[in-house]
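Numbering (this note's numbering), first residue to last: -12 to 299. A virtual CB, placed ideally from N, CA and C, is assigned to each residue, including glycine. Here is the structure we will look at.
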């Protein structure tokens, strides 16, 4: 009997991207996919035998690997931690180890694979491996992409900055700024910088493309190709708001741009229209306004992770 649905495992189901991806696939494509999104208590990705048994039992066709550890201001960029590289690699290779020729692994990577100390504007995919990342998170993802490049059924999608509902508003700039405005607080920028931010509603559609299609390459930058600076974003939020916030900039100058080229991506996925950031910000602002009573205001007032912002 012909199998009609793809069995898809989504790791990191409680995370920002995983949660949005599950919602998207369930809402728009429930007739095409059977989704499996176990929590850590149901599947420990660090346990190879349990991963192998789970994939076999559920007859998984496609894995979208959203789970990871480290690499954020909330972990103080992993200061004092010794398990980030090991855990990220073990999760990835426990999944990759189970692949057969009929399976596919979509791995979510990061622009940090290009080496934080050596960023340049709009880095293309062939800039990869010019440098080896020094930080644990970037290094672990770098190794995963090195492996993916030699594989026939693994693709790594390098994310730079992603924003949208369910992201961690305690420290993620766009959501944090919207919430601060809604609470009547200043929008705080450690240092202005150009980022290439991707809207989560666009991201999940692009991930679905890679679920449905076999790409030409094994690595892609998942970016809009239109970097924007933080001050402009803050001003756009003020334009949306009825009560504009004061914009506080703690350090002068411009930090190192964090952006990638999307030429390879657009050649792959075709005529894709990214949501204009002004429209996306309006959508996200409305969502936070409707959910403001669920916000832990104490976390916003404390703003304890601003101290870990990188400054040039």
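Self-check item: Straight-line gap, residue 172 to residue 148 (C-alpha atoms, nearest Å)
Solution: Distance between the alpha carbons of residue 172 and residue 148: 24 Å.
Exercise. Return the CA-CA distance between residue 288 and residue 166, expressed in angstroms with no decimal places.
Key: Spanning the two alpha carbons is a distance of roughly 11 Å.
Quiz item: Ordered along the chain, which non-local residues of its own chain (more than five positions away) have a Cβ less than 6 Å from that of residue 184?
Solution: Within its own chain, the residues whose Cβ lies closer than 6 Å to the Cβ of residue 184, once the five positions on either side in sequence are excluded, are 148, 150, listed in chain order.
Quiz item: Are at least three pairs of beta-carbons, each pair with one atom in the segment 232 to 249 and one in the segment 128 to 138, less than 8 Å apart?
Solution: Judged by Cβ distances under 8 Å, the segment 232 to 249 makes no contact with the segment 128 to 138, as fewer than three pairs qualify.
Quiz item: In chain order, what residues of the same chain have a beta carbon less than 8 Å from the beta carbon of residue 140, not counting five sequence neighbours either side?
Solution: Once the five neighbours on either side are set aside, the close Cβ partners of residue 140 are 86, 88, 90, 91, 92.
Exercise. Have a look at residue 282 and residue 229 and give me their C-alpha separation to the nearest angstrom.
Key: C-alpha separation (whole angstroms): 20 Å.
Quiz prompt | Segments of 4+ residues assigned as alpha helix (DSSP H) that fall wholly inside the segment 111 to 150 | solution = The alpha helix (DSSP H) runs lying completely inside the segment 111 to 150 and spanning 4 residues or more are 123 to 136, given in chain order.
Practice problem: With residue 178 as the anchor, note down where its beta strand (DSSP E) starts and where it stops. | Solution: For residue 178, the uninterrupted beta strand (DSSP E) run begins and ends at 174 to 179, by DSSP.
Quiz item: Counting Cβ pairs, one atom from each stretch, are 3 or more of them under 8 Å apart for the segment 100 to 116 and the segment 255 to 274?
Solution: The answer is no - the segment 255 to 274 does not touch the segment 100 to 116, with fewer than three Cβ pairs under 8 Å.
Exercise. Report the rounded CA-to-CA distance for residue 163 versus residue 271, giving the unit in angstroms.
Key: Rounded to the nearest angstrom, the two C-alpha atoms are 11 Å apart.
Quiz item: Could you check where the beta strand (DSSP E) with residue 206 kicks off and where it finishes?
Solution: Where residue 206 is concerned, the enclosing beta strand (DSSP E) stretches over 206 to 209.
Practice problem: Kindly indicate which three-state DSSP category residue 23 falls into: helix, strand or coil? | Solution: Note: residue 23 maps to strand in three-state DSSP.
Quiz item: By a C-beta neighbour count over all protein chains shown, 10 Å radius and 16 as the cutoff for buried, is residue 102 buried or exposed?
Solution: Burial check for residue 102: the Cβ neighbour count within 10 Å reaches 16 or more, so the residue is buried.
Quiz item: Any idea what DSSP makes of residue 269, helix, strand or coil?
Solution: DSSP, read as helix, strand or coil, puts residue 269 in helix.
Quiz item: Which value, in whole angstroms, describes the spacing of the CA atoms of residue 246 and residue 52?
Solution: Rounded to the nearest angstrom, the two C-alpha atoms are 22 Å apart.
Quiz item: Considering only the beta carbon of each residue, do residue 158 and residue 292 sit closer than 8 Å?
Solution: In this structure, residue 292 lies closer than 8 Å to residue 158 by Cβ.
Practice problem: Look at the alpha carbon of residue 44 and the alpha carbon of residue 204, and state the distance between them as a whole number of angstroms. | Solution: Their backbone Cα atoms lie some 30 Å apart in a straight line.
Quiz prompt | the segment 5 to 19 touching the segment 30 to 47, judged by at least three CB pairs closer than 8 Å | solution = Output reads no: the segment 30 to 47 does not touch the segment 5 to 19.
Quiz item: Among 108, -1, 81, which one has its Cα closest to the Cα of residue 28?
Solution: Checking every option, the nearest Cα to that of residue 28 belongs to -1.
Quiz item: Ends of the alpha helix (DSSP H) at residue 91?
Solution: Per DSSP, residue 91 belongs to no alpha helix (DSSP H); it is in the beta strand (DSSP E), 91 to 97.
Quiz prompt | Buried/exposed call for residue 26, threshold 16 Cβ in 10 Å | solution = With fewer than 16 other Cβ atoms from the protein chains shown falling within 10 Å of its own Cβ, residue 26 counts as exposed.
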